[in-house]
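Engineer: My questions all concern the structure below.
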Amino acid sequence: PAEDEARVDEIKHLLKVRNAVLVAHYYTDDAIQHLAEETGGCVADSLEMARFGARHDASTLVVAGVRFMGETAKILSPEKRVLMPTLEATCSLDIGCPADEFSAFCDAHPDRTVVVYANTSAAVKARADWVVTSSIAVDVIEHLHARGEKILWAPDKHLGGYIQHKTGADMLLWDGACIVHDEFKARGIQDLKALYPDAAVLVHPESPASVVEIADAVGSTSQLINTARELPHQRLIVATDRGIFFKMQQAVPEKTLFEAPTAGNGATCKSCAHCPWMAMNALDNLAGALRDTSGEIFVDAELRQRALKPLERMLNFKR
Ligand code: 13P
Ligand code: SF4
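53 is the number that the UniProt record's numbering gives to position 30 of the sequence shown; each next residue is one higher, with no gaps.
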C-alpha cells in the first residue's frame, strides 16, 4: 500500500539523518526484515543481533525485536542510543523470571554456576555467571560440564531439558516456557509427516521435548535457516515462529515450507505460531521511534556493569 511506501521512505531518510542502523529479528514482519536488509542493517538470530550491534559504528541502533534484545544492545554499547519501535514488546520467558525470585533461587543453590538464557531482563543477567542464546547454549554448557561444574539454568525449561539431554550436565531448571513454541504438538507434526513422508522436521529448542524428539534438526533461528539450505529434503516442516519463513524461503526458494501444527489434530493454526510481542513491531512505530527518538532503552550504570560480564563471556566464548 501507498502509506507503507511512504513510511519506508521516511524510515530510510530518518536512518540516515540519525546515523542509525536497523537490527531486526527473524520473527518481525516481512516489511521490517526487508527494510533492515535494504538499508545495510541486519536480520539475524539473537546472538548475531548482539554481535552486529556491538560492532557497528552507527551512533544509534534501532532494535526491532523484543525488549531483552534492546537491553542487550545497550549493555554492550552504552555509548550508543538504542531505540525500539515499542518498549511494550516483552517475552514470556522474561515475564516468567522476575529478578527477585530468581535471585532467591540462586541464593538457595550457591554451589551451582548460574547460566541464563538471553531472553531475560538485565537484572536477571546481572545475577548470572553466563548468558547464552540458543545457538551457543549447548557448547557453553558442554564446556562447563567438562570442568565439573553443576548448573543452575533459567528460564526456559524446554531448552534447559534439551541441553541437559545433549550434554549430560547436572542442571537445575527454572520453570519457564515460551508461549509460542510451547504450543507445538508432536502429534500434529506426525500427522503432517504422514502426508509428506519425505519432509524433514526443523525445530527450535524452545519447543517441548516430545517435538524435539521427532526433529531432524534442532537449532536457533539462524541455524535452522542454514539447515534448510544444507538438507537434501525438498519439503520442510518448521516448528518455530512463522516470521522465519521470510528469510528461510529466500534461502531455499525451490523448497516447500510447512508451518508445524500447533494443535494435536494436525490442523495448522495460522495465528498461533507467531509471537505477539514480536508482532508489535510495525513500520508506523518504527518510524515514530526514529522521528521522536522515543522508545529509548536505558540501563542503570551499575546494573549494566554486572550484566556485561556474563554477556562478554558469551561473546568471547570459542567453541
Ligand atoms: P534465536 O536466538 O534462535 O533467534 O531465538 C530467540 C527467540 O526469542 C526465540 O523464540
Ligand atoms: Fe519470547 Fe517466545 Fe516471543 Fe521468542 S517467540 S520472544 S521466546 S515469547
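For every residue, glycine included, the Cβ atom is placed at its ideal position computed from N, Cα and C.
Being a predicted model, the structure only gives us computed values, none of them experimental.
From what residue to what residue does the beta strand (DSSP E) around Arg104 run?
Structural biologist: Residue numbering aside, residue 104 sits at position 81 when the sequence shown is read from its first letter. Per DSSP, Arg104 belongs to the beta strand (DSSP E) from 104-106.
Engineer: Evaluate the contact criterion for the segment 33-47 versus the segment 304-314: three or more CB pairs, one atom per stretch, below 8 Å.
Structural biologist: The segment 33-47 vs the segment 304-314: in contact.
Engineer: Which first and last residues belong to the alpha helix (DSSP H) in which Ala312 is found?
Structural biologist: The residue you call residue 312 lines up with position 289 of the sequence shown. First-last of the alpha helix (DSSP H) with Ala312: 306-315.
Engineer: Here's a check: name, in chain order, each residue in its chain whose Cβ is nearer than 6 Å to the Cβ of Tyr185, leaving out the five neighbours to either side.
Structural biologist: For this step, residue 185 is matched to residue 162 along the sequence shown. If we look at Tyr185 and ignore the five residues flanking it on each side, its Cβ neighbours are Pro228, Val235.
Engineer: Can you check the segment 151-190 for any alpha helix (DSSP H) of at least 4 residues that lies completely inside it and give the ranges in chain order?
Structural biologist: 160-169, 180-190
Engineer: In three-state DSSP terms, what is Phe281?
Structural biologist: Taking the first residue of the sequence shown as position 1, residue 281 is located at position 258. Strand at Phe281.
Engineer: Looking at C-alpha atoms only, which residue of Ala122, Glu71, Thr62, Asp134 is the closest neighbour of Ala145?
Structural biologist: Position 122 of the sequence shown holds residue 145. Considering only alpha carbons, the answer is Ala122.
Engineer: Based on DSSP bridge pairs, tell me the residues matched to His48.
Structural biologist: One-based indexing of the sequence shown puts residue 48 at position 25. According to DSSP, which records beta bridges pairwise, His48 is partnered with Ala67.
Engineer: Cβ-heavy atom distance between Val204 and ligand 2 below 7 Å?
Structural biologist: Against the sequence shown, residue 204 aligns to sequence position 181. Looking at the sequence provided, one finds His at residue 204 rather than Val. Because some heavy atom of ligand 2 lies under 7 Å away, the Cβ of His204 counts as near it: yes.
Engineer: Ligand 1 and Leu70: does the residue's C-beta get closer than 7 Å to at least one heavy atom of that ligand?
Structural biologist: As a working note, residue 70 is residue 47 in the sequence shown. For ligand 1, a non-hydrogen atom lies closer than 7 Å to the CB of Leu70.
Engineer: Closest by CA to Leu99, which one among Leu70, Leu110, Pro133?
Structural biologist: Residue mapping note: residue 99 aligns to position 76 of the sequence shown, counting from 1. Comparing Cα-Cα distances from Leu99 to each of Leu70, Leu110, Pro133, the minimum goes to Leu70.
Engineer: Report all residues from its chain with a CB closer than 8 Å to the CB of Val155; omit the five preceding and five following residues, and keep chain order.
Structural biologist: Residue numbering aside, residue 155 sits at position 132 when the sequence shown is read from its first letter. These residues qualify, in order along the chain: Val138, Val139, Tyr140, Ala141, Val163, Ile164, Met337.
Engineer: So, at 7 Å on beta carbons, what are the nonlocal neighbours of Ala312 in its own chain, with the 5 sequence-adjacent residues on each side left out?
Structural biologist: For the purposes of this step, residue 312 is identified with residue 289 of the sequence shown, where counting begins at 1. Once the five neighbours on either side are set aside, the close Cβ partners of Ala312 are Val85, Leu106, Met107, Pro108, Gly318.
Engineer: Do you know offhand how far Lys97's Cα is from Phe321's?
Structural biologist: One-based indexing of the sequence shown puts residue 97 at position 74. One-based indexing of the sequence shown puts residue 321 at position 298. Approximately 7 Å, taken between the alpha carbons.
Engineer: Using only the alpha-carbon positions, how far apart do Trp176 and Gln273 sit?
Structural biologist: Here residue 176 refers to the residue found at position 153 when the sequence shown is read from its first residue. Here residue 273 refers to the residue found at position 250 when the sequence shown is read from its first residue. As the crow flies, the alpha-carbon of Trp176 is around 35 Å from that of Gln273.
Engineer: Between which two residues does the alpha helix (DSSP H) holding Ile118 run?
Structural biologist: By 1-based counting over the sequence shown, the position of residue 118 is 95. Looking at the DSSP string, the run of the alpha helix (DSSP H) that includes Ile118 is 115-118.
Engineer: Which class does Ala43 belong to by DSSP, given the choice of helix, strand or coil?
Structural biologist: Residue numbering aside, residue 43 sits at position 20 when the sequence shown is read from its first letter. If DSSP states are grouped into helix, strand and coil, Ala43 belongs with the strands.
Engineer: Measuring only from the beta carbon, is Glu229 closer than 7 Å to any heavy atom that is part of ligand 2?
Structural biologist: Reading the sequence shown from its first residue, position 206 is the one you call residue 229. Yes, the beta carbon of Glu229 sits closer than 7 Å to at least one heavy atom of ligand 2.
Engineer: Any chance the CB of Asp264 is under 7 Å from a heavy atom of ligand 2?
Structural biologist: Translated into positions along the sequence shown, residue 264 becomes position 241. Checking every heavy atom of ligand 2 against the Cβ of Asp264, one is found closer than 7 Å.
Engineer: Between Ile237 and Val224, what straight-line distance do the alpha-carbon atoms span, to the nearest angstrom?
Structural biologist: Position 214 of the sequence shown, counted from the first residue, corresponds to residue 237. Position 201 of the sequence shown, counted from the first residue, corresponds to residue 224. Inter-residue distance for Ile237 and Val224 is about 7 Å (C-alpha atoms, whole angstroms).
Engineer: When the Cα of Thr263 is compared with those of Leu38, Ser157, Asp134, Val147, which residue comes out closest?
Structural biologist: Taking the first residue of the sequence shown as 1, we reach residue 263 at position 240. Among Leu38, Ser157, Asp134, Val147, the Cα nearest to that of Thr263 belongs to Ser157.
Engineer: Going straight from the alpha carbon of Arg30 to that of Arg329, what length do you get?
Structural biologist: Here residue 30 refers to the residue found at position 7 of the sequence shown. Here residue 329 refers to the residue found at position 306 of the sequence shown. Roughly 39 Å separates the two Cα atoms.
Engineer: Would DSSP call Gly199 helix, strand or coil?
Structural biologist: As a first step, residue 199 must be located in the sequence shown, where it is residue number 176. Three-state DSSP puts Gly199 in a strand.
Engineer: Quickly, what does DSSP pair Glu319 with across the bridge? List them, please.
Structural biologist: Counted from its first residue, the sequence shown places residue 319 at position 296. As DSSP reads the structure, Glu319 sits in a beta bridge with Leu106.
Engineer: Would a C-beta distance cut-off of 8 Å place Ala209 and Leu259 closer than the cut-off?
Structural biologist: Here the question's residue 209 lines up with position 186 in the sequence shown. Here the question's residue 259 lines up with position 236 in the sequence shown. No, the pair does not count as a contact, with Cβ atoms beyond the cut-off.
Engineer: Any heavy atom of ligand 2 inside 7 Å of the beta-carbon of Val139?
Structural biologist: Mapped onto the sequence shown, residue 139 falls at position 116. Not so, every heavy atom of ligand 2 lies at least 7 Å from the Cβ.
Engineer: From this set, His57, Gly63, Ile55, Pro24, which residue's C-alpha is nearest Ala43's C-alpha?
Structural biologist: Taking the sequence shown and counting its residues from 1, the one referred to as residue 43 is at position 20. Comparing Cα-Cα distances from Ala43 to each of His57, Gly63, Ile55, Pro24, the minimum goes to Gly63.
Engineer: Could you tell me if the beta carbon of Trp153 falls within a distance shorter than 7 Å of some heavy atom in ligand 2?
Structural biologist: Along the sequence shown, read from residue 1 onward, the residue named residue 153 stands at position 130. Not under cutoff, so the answer is no.
Engineer: Buried or exposed for Ser82, please, with buried defined as at least 16 other CB atoms from any protein chain shown within 10 angstroms of its CB.
Structural biologist: Start at 1 with the first residue of the sequence shown, and residue 82 comes out as number 59. By the 10 Å Cβ count, Ser82 comes out exposed.
Engineer: Could you tell me how far apart the beta carbons of Gly191 and His166 are, in whole angstroms, since I believe they sit closer than 8 Å?
Structural biologist: Here the question's residue 191 lines up with position 168 in the sequence shown. Here the question's residue 166 lines up with position 143 in the sequence shown. No, Gly191 and His166 are not in contact; Cβ-Cβ is about 13 Å, not under 8 Å.
Engineer: Taking the continuous alpha helix (DSSP H) assigned at Ile55, which residues delimit it?
Structural biologist: Position 32 of the sequence shown, counted from the start, is the residue given in the question as residue 55. For Ile55, the enclosing alpha helix (DSSP H) covers residues 53-61.
Engineer: Please tell me whether Pro333 and Trp153 are closer than 8 Å, where the distance is taken between their beta carbons.
Structural biologist: Taking the sequence shown and counting its residues from 1, the one referred to as residue 333 is at position 310. Taking the sequence shown and counting its residues from 1, the one referred to as residue 153 is at position 130. Cβ atoms of Pro333 and Trp153: closer than 8 Å.
Engineer: For the candidate residues Glu206, Asp193, Arg342, whose alpha-carbon lies nearest to that of Cys295?
Structural biologist: In the sequence shown, residue 295 corresponds to position 272, counting from 1. Residue Glu206 is the option with its Cα nearest to Cys295.
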